[in-house]
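Engineer: Dropping a structure here in structure tokens format, bear with me for questions.
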Amino acid sequence: MGIAIVGTACAAAFACALAWTPIAPRRVEAVAGAERVGAAECRDCHEDVLGHEEMASYHADCEACHGGGSLHAESQEPEDVRFPSTGDCLACHEKGRDTHLAWGTGEHARAGLLCADCHGVHEPTRQFVRRTAGSALAPRAAAPGGMFQGGERTRVCTACHEDVAARFQYPSHHPVREGQLDCTSCHDPHGDSRVHAGDATARCTSCHQDYAGPWVYEHQPVAEDCTECHDPHGAPASDLLASPQPAICLECHSLADLWHHNTSGTGIRGNTGASDDFSAPGSGASIKPLEARTFLRECTNCHGAIHGSYTDETLQH
């Protein structure tokens, strides 16, 4: 029985893996007839590229990526030299780098991006902006970034992801614009760029450990996905809530359910339906205006242990 279960699970996993067909990185063929001439020959024209000492630490000369440069050195025509592709980069950078092994199934690869669209291949800093055609990036003197970008890598991401960049301007936001985090703190740009390995909740609780539990009484969204309630990039409501309280709570908890679990038609705590009462639509439950003013505030005024509790099933403490 056990063997059958394991076999079924393995077969299902294998079928799932086959459904995600990797995009094989293509290597550019060398220019026919070109021979190596050495970096000194390149320096005569490309002093701006060869002047960066950082590249020397990689022990890579020009022709390691561009192939023989003899024809280009003579004609100075771009078509006489090889321009490397993602496959050429991965020939070196895939070795021992688990983050790059998933590139072929990642969202950026499927969008047609190349390594050079985000990384400054030659220089420590490179400028980026969205091209008018296609999804790749072209140089512009505005947003520093690239291979040695340091704390500026987020600006490389937001050159395309402008909608996300706008959310960092909300009053409640993760400290990305302050430089305490960057996009790669949560996202893997080389693989599944939604989140790093593991589900979203696990990624959140790796930092927000106070909310990880396990709890005796757990708020269901905590176990499912933190983004059920929170917008991780930024929100106008406090605490990164996608909408303010009580609206965010009412997306799951209907008004009829919230009369403190009393749907008998007698209102909260057994109040009778007096003339100054009103009812939740469709609930048959009445509530006095004074209690309504108390109720229509933040739910966490009472349910303070909103993520989970060890002692109280109503999450009040």
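For the sequence shown, my numbering begins at 22 and goes up steadily by one.
We put the beta carbon where it would ideally sit given N, CA and C, even for glycine.
1. Going by beta-carbon coordinates alone, are THR175 and VAL197 separated by less than 9 Å?
2. Report the three-state DSSP secondary structure of ALA256 (helix, strand or coil).
3. How is TYR238 classed by DSSP in three states: helix, strand or coil?
4. Just the C-alpha distance for PRO265 and GLN337, rounded to the nearest angstrom, thanks.
5. Pull up the DSSP beta-bridge partners for LEU262, would you.
6. Going by DSSP, what residues sit across from HIS194 in a beta bridge?
7. If you draw a straight line from the C-alpha of GLU56 to the C-alpha of GLY200, how long is it?
8. Which one or two residues does DSSP pair with GLY329 in a beta bridge?
9. What first and last residue would you give for the alpha helix (DSSP H) that runs through SER91?
10. Just the Cα atoms here: how many angstroms apart are VAL150 and HIS251?
11. Hey, how far is the Cα of ARG161 from the Cα of ARG64?
12. Near ASP333, which residues of its chain fall below 8 Å by C-beta distance, leaving aside the five closest residues on each side in sequence?
Structural biologist: To lay it out plainly:
1. yes
2. strand
3. strand
4. 19 Å
5. HIS251
6. GLY255
7. 46 Å
8. GLU239
9. 91 to 96
10. For VAL150, the pLDDT reaches just 41, beneath the cut-off of 50, and the residue's location in the model is therefore unreliable, although a value from the coordinates is still provided. Their backbone Cα atoms lie some 30 Å apart in a straight line.
11. Only weak support exists for where ARG161 lies, its pLDDT of 38 falling under 50; the coordinates are left without a value.
12. TYR238, ALA326
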